[in-house]
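2 protein chains.
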Amino acid sequence: MPKLPLPPGSTIGILGGGQLGRMLALAAGRLGFDVAILEPEVGAPATRVAAHTVVGAYDDPTALAALAKLARVVTFEFENVPAASVEHLTALGVAVAPGARALAIAQDRVAEKTFLNEAGVATVAFAAADTAQAAQEAMASLGAPVLMKTRREGYDGKGQRWVEHAAEAPVAFEAVGAKPVILEAPANFVRELSVIAARGRGGEIAVYPLAENHHEKGVLRRTYAPAKVTSETADQAERIAAKILSGLDYVGVIGIELFELADGRLLVNEIAPRVHNTGHWTMDGCEVDQFEQHIRAVAGWPLGPTHAHAQVEMLNLLGKEADAWAKLAGEPETRVHLYGKRDAKPGRKMGHVNRLRPL
Amino acid sequence: MPKLPLPPGSTIGILGGGQLGRMLALAAGRLGFDVAILEPEVGAPATRVAAHTVVGAYDDPTALAALAKLARVVTFEFENVPAASVEHLTALGVAVAPGARALAIAQDRVAEKTFLNEAGVATVAFAAADTAQAAQEAMASLGAPVLMKTRREGYDGKGQRWVEHAAEAPVAFEAVGAKPVILEAPANFVRELSVIAARGRGGEIAVYPLAENHHEKGVLRRTYAPAKVTSETADQAERIAAKILSGLDYVGVIGIELFELADGRLLVNEIAPRVHNTGHWTMDGCEVDQFEQHIRAVAGWPLGPTHAHAQVEMLNLLGKEADAWAKLAGEPETRVHLYGKRDAKPGRKMGHVNRLRPL
Numbered sequence: 440m441p442k443l444p445l446p447p448g449s450t451i452g453i454l455g456g457g458q459l460g461r462m463l464a465l466a467a468g469r470l471g472f473d474v475a476i477l478e479p480e481v482g483a484p485a486t487r488v489a490a491h492t493v494v495g496a497y498d499d500p501t502a503l504a505a506l507a508k509l510a511r512v513v514t515f516e517f518e519n520v521p522a523a524s525v526e527h528l529t530a531l532g533v534a535v536a537p538g539a540r541a542l543a544i545a546q547d548r549v550a551e552k553t554f555l556n557e558a559g560v561a562t563v564a565f566a567a568a569d570t571a572q573a574a575q576e577a578m579a580s581l582g583a584p585v586l587m588k589t590r591r592e593g594y595d596g597k598g599q600r601w602v603e604h605a606a607e608a609p610v611a612f613e614a615v616g617a618k619p620v621i622l623e624a625p626a627n628f629v630r631e632l633s634v635i636a637a638r639g640r641g642g643e644i645a646v647y648p649l650a651e652n653h654h655e656k657g658v659l660r661r662t663y664a665p666a667k668v669t670s671e672t673a674d675q676a677e678r679i680a681a682k683i684l685s686g687l688d689y690v691g692v693i694g695i696e697l698f699e700l701a702d703g704r705l706l707v708n709e710i711a712p713r714v715h716n717t718g719h720w721t722m723d724g725c726e727v728d729q730f731e732q733h734i735r736a737v738a739g740w741p742l743g744p745t746h747a748h749a750q751v752e753m754l755n756l757l758g759k760e761a762d763a764w765a766k767l768a769g770e771p772e773t774r775v776h777l778y779g780k781r782d783a784k785p786g787r788k789m790g791h792v793n794r795l796r797p798l
Numbered sequence: 440m441p442k443l444p445l446p447p448g449s450t451i452g453i454l455g456g457g458q459l460g461r462m463l464a465l466a467a468g469r470l471g472f473d474v475a476i477l478e479p480e481v482g483a484p485a486t487r488v489a490a491h492t493v494v495g496a497y498d499d500p501t502a503l504a505a506l507a508k509l510a511r512v513v514t515f516e517f518e519n520v521p522a523a524s525v526e527h528l529t530a531l532g533v534a535v536a537p538g539a540r541a542l543a544i545a546q547d548r549v550a551e552k553t554f555l556n557e558a559g560v561a562t563v564a565f566a567a568a569d570t571a572q573a574a575q576e577a578m579a580s581l582g583a584p585v586l587m588k589t590r591r592e593g594y595d596g597k598g599q600r601w602v603e604h605a606a607e608a609p610v611a612f613e614a615v616g617a618k619p620v621i622l623e624a625p626a627n628f629v630r631e632l633s634v635i636a637a638r639g640r641g642g643e644i645a646v647y648p649l650a651e652n653h654h655e656k657g658v659l660r661r662t663y664a665p666a667k668v669t670s671e672t673a674d675q676a677e678r679i680a681a682k683i684l685s686g687l688d689y690v691g692v693i694g695i696e697l698f699e700l701a702d703g704r705l706l707v708n709e710i711a712p713r714v715h716n717t718g719h720w721t722m723d724g725c726e727v728d729q730f731e732q733h734i735r736a737v738a739g740w741p742l743g744p745t746h747a748h749a750q751v752e753m754l755n756l757l758g759k760e761a762d763a764w765a766k767l768a769g770e771p772e773t774r775v776h777l778y779g780k781r782d783a784k785p786g787r788k789m790g791h792v793n794r795l796r797p798l
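As they're listed, the protein sequences go chains A and B.
In short: position in the first sequence from 1, add 439, done, that's our numbering.
In short: position in the second sequence from 1, add 439, done, that's our numbering.
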């Protein structure tokens with residue numbers, strides 16, 4: 440295991456070379472760290488701001504060994520890191536954060552909701568089903584409609600569909616890939632909120648103000664933060680974050696997606712064991728943003744403050760929308776963040792802007 | 440010449456791989472640019488956050504050609520870039536900013552003060568001397584004491600000394616290197632201030648609030664910003680910045696060091712055609728810091744806002760002082776910036792902190 444807190448000048452490894460890895464690398468650079476990226480694609484966004492790149496699959500033992508040689512502390516930008524890769528790195532003496540348990544739970548929607556409920560955190564009612572028939576039977580007790588999702592993988596609305604009647608469950612099961620699924624009761628929420636929080640290696644917790652999120656076609660479009668909420672709601676979110684972080688013995692930043700119900704209760708929709716798109720507002724709304732906070736946590740540094748100093752509207756730039764960079768850069772209230780991606784495929788996250796107003 | 444404004448995904452070249460180059464590279468990365476560093480030293484701070492590095496001397500035609508192949512827009516982190524290098528890059532079709540005129544003037548203290556006075560900007564009285572005898576004669580009219588400085592090079596108090604009597608001028612001339620010098624009358628200032636300003640490719644100007652600077656042994660120790668000044672003083676500084684930027688047909692960020700006299704007048708001490716240590720406070724005190732502002736200017740982008748949203752005390756971390764990183768990172772009001780330098784030589788700038796208070 441590395442000596443912690445990790446001194447500046449050390450190298451931090453990151454699995455994944457996309458925009459989250461890039462923003463983590465830039466934050467690490469501000470604190471005097473070098474970064475080593477492990478990523479299958481040559482020239483990925485994060486690799487172009489990193490001191491070292493290992494090109495290879497996330498489960499390639501040679502690539503993992505090369506990363507371990509460069510970096511004694513490793514983190515990741517996405518939750519589908521193979522468990523075996525974390526074990527492999529750990530066996531090589533690397534401190535991987537967040538840890539294997541957080542990954543395992545975030546990779547399986549049934550394990551995730553089971554953990555949450557056991558930790559005293561409310562979710563929608565749910566059931567697991569491994570076959571089409573089991574899915575149909577589960578709907579008998581859960582009721583209809585349900586949201587059917589594959590237990591593993593799938594993001595931004597992929598691998599999921601609504602099922603209106605139990606009789607349609609088998610068709611839906613085939614449509615999402617004939618793989619084990621979770622069935623979720625509807626939440627009847629009034630707003631989608633999220634909370635970005637961090638836990639340090641000593642167990643200390645720091646929670647950012649709540650954010651209000653608006654999705655389009657399953658993809659995050661806008662975040663408003665700090666969200667207008669009562670102090671009871673803010674307290675509720677902090678308690679939820681603390682239960683999850685402590686329950687997972689978590690190290691790093693976590694994104695927790697919430698449903699706000701009409702009666703004020705918060706249900707957890709899902710957790711992402713990484714920096715999160717709904718936390719991008721912190722880059723211009725807080726003194727220490729989620730990326731620096733994550734680097735601080737995994738490096739064993741003290742956590743930074745989380746209060747907001749501006750009201751922020753974060754807007755994702757999808758596909759060709761990023762072509763408006765010159766106009767956006769000319770808006771005095773707009774801070775522009777672009778990811779250096781070369782190919783603006785439709786719907787691809789190319790950047791985001793934070794529009795600021797005084798608090 | 441490159442097409443401007445330079446689109447994200449393009450590469451920006453930077454001459455110099457120190458901390459200023461590093462912070463420029465991190466800012467360029469946020470906007471989606473790649474960076475190519477030209478730097479003689481392998482593994483210099485900026486190279487470790489850059490997509491490309493050309494290792495070579497700043498006047499090596501092969502290295503310059505390699506940089507020109509990577510980047511159509513080139514800037515620099517230090518003012519002693521050889522004029523021939525800028526000419527060489529320009530001949531290769533590269534847009535170099537700030538331009539050759541700003542460099543030539545900033546490299547020669549006599550040319551600098553002559554330009555300033557011709558532009559209607561006040562300085563201390565001064566005289567040029569190429570020989571020991573000429574220096575002694577000049578003191579007959581300038582009076583004593585004078586501050587003798589080499590005309591070229593020298594920074595952080597190096598290559599300069601006070602001369603108390605005309606008879607001592609020849610000894611001082613030998614001591615500073617027996618090279619052409621400038622003799623400067625004392626300023627009798629009450630405070631050292633500085634103003635960081637930027638000019639875009641379309642001639643638009645943006646000026647940050649004034650900063651108050653405290654030096655120790657010729658090296659910047661602390662900056663307080665925004666400085667407590669009257670609106671008359673702020674206006675005076677803005678007019679000075681505008682005269683200098685327009686007079687040089689400048690593109691990029693400039694650092695202008697000022698003496699504030701007891702009667703409120705501002706004299707220009709010196710100008711630095713680059714991002715400036717007294718502008719580091721903008722990293723946490725402003726929405727767009729001096730590094731992003733410089734990248735915006737040289738890339739032909741619109742300039743960003745310059746107002747402060749916090750009161751900042753910037754403290755340079757010299758040599759072993761940076762070893763206190765863990766303590767500093769634990770102070771809630773303190774933002775830590777470290778440069779990734781491996782060798783903490785005494786007095787070497789290893790990082791800085793910005794301590795924030797509400798405005």
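A virtual CB, placed ideally from N, CA and C, is assigned to each residue, including glycine.
CB contact check: residue i to chain A, cutoff 8 Å
i	result
Glu726/B	yes
Pro744/B	yes
Val493/B	no
Gly691/B	no
Leu795/B	yes
Ala490/B	yes
Trp601/B	no
His791/B	no
Asp723/B	yes
Residue i: first and last residue of the uninterrupted beta strand (DSSP E) it sits in
i	result
Thr492/B	His491 to Val494
Leu756/B	Gln750 to Leu757
Asp436/A	Outside the displayed span of chain A (440 to 798) sits residue 436/A, for which this structure offers no information.
Phe554/A	From DSSP, Phe554/A is part of no beta strand (DSSP E) but of the alpha helix (DSSP H) over Arg548 to Glu557.
Leu706/B	Leu705 to Ala711
Val777/B	What sits at residue 777/B in the sequence shown is Leu, not Val. Taken as a continuous stretch (DSSP letters only), the beta strand (DSSP E) holding Leu777/B covers Thr773 to Leu777.
Euclidean distance between Cα positions of residue i and residue j
i	j	result
Arg678/A	Val792/B	33 Å
Asp762/A	Lys788/A	12 Å
Glu603/B	Phe472/B	52 Å
Pro609/A	Gly657/A	23 Å
His748/A	Val646/A	15 Å
Ala464/B	His733/A	21 Å
Val620/B	Gly532/A	59 Å
Gln572/B	Gly779/A	59 Å
Ala412/A	Thr492/A	Given that chain A is displayed from residue 440 to residue 798, the structure contains no residue 412/A and the question cannot be resolved.
Gly482/A	Arg487/B	15 Å
Continuous alpha helix (DSSP H) stretch holding residue i: start and end
i	result
His527/A	Ala522 to Ala530
Val737/B	Gln729 to Val737
Ala508/A	Per the sequence presented here, residue 508/A reads as Lys, with Ala not at that position. Here the alpha helix (DSSP H) through Lys508/A covers Pro500 to Leu509.
Ala467/A	Gln458 to Arg469
Trp764/A	Trp764 to Ala768
Gly724/A	Thr721 to Gly724
Leu445/A	Per DSSP, Leu445/A belongs to no alpha helix (DSSP H) and is neither H nor E.
Cβ neighbour criterion (16 or more within 10 Å) applied to residue i
i	result
Lys588/B	buried
Trp601/B	exposed
His527/B	buried
Asn652/A	buried
Thr501/B	exposed
Gly582/B	exposed
is_contact[residue i, chain B] using C-beta, thresh 8 Å
i	result
Leu754/A	no
Val775/A	yes
Ala809/A	The structure shown has nothing for residue 809/A, since chain A only spans 440 to 798.
Val533/A	no
Tyr647/A	no
Trp720/A	no
Ala768/A	yes
Pro441/A	no
Leu465/A	yes
Can you give, in chain order, each stretch of the alpha helix (DSSP H) that sits fully within the region 608-681 of chain A and has at least 4 residues? The alpha helix (DSSP H) runs of length 4 or more contained entirely in the region 608-681 of chain A are, from start to end of the chain, 608-614.
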